[in-house]
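Numbering (the UniProt record's numbering), first residue to last: 1 to 56.
Remarks on the structure that follows.
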Amino acid sequence: KVPGIDAYVDLFLSEKMIGEYGYLKNIGLIPLPKEKREEVRKSWENRKELQLSDLK
């Protein structure tokens, strides 16, 4: 386990970062729809293991 990785991922999954009015939108990135953001956060909370098919 990488020290600090949980806090790092929590930060990047926060509404302040990836939300509709988050920092990443301010620099030109398009946020995921709310439902998809919630799905990604739930996967992280459950520590779902990433599969190759998740990347396609």
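For every residue, glycine included, the Cβ atom is placed at its ideal position computed from N, Cα and C.
So the alpha helix (DSSP H) residue i belongs to, where does it begin and stop?
i	result
residue 40	34–45
residue 8	5–12
residue 24	23–26
residue 30	No alpha helix (DSSP H) holds residue 30; DSSP gives it neither H nor E.
residue 92	Residue 92 lies beyond the range of the chain shown here (1 to 56); nothing can be said about it.
Would residue i and residue j be called neighbours here (beta carbons separated by less than 8 Å)?
i	j	result
residue 8	residue 17	no
residue 40	residue 11	no
residue 20	residue 3	no
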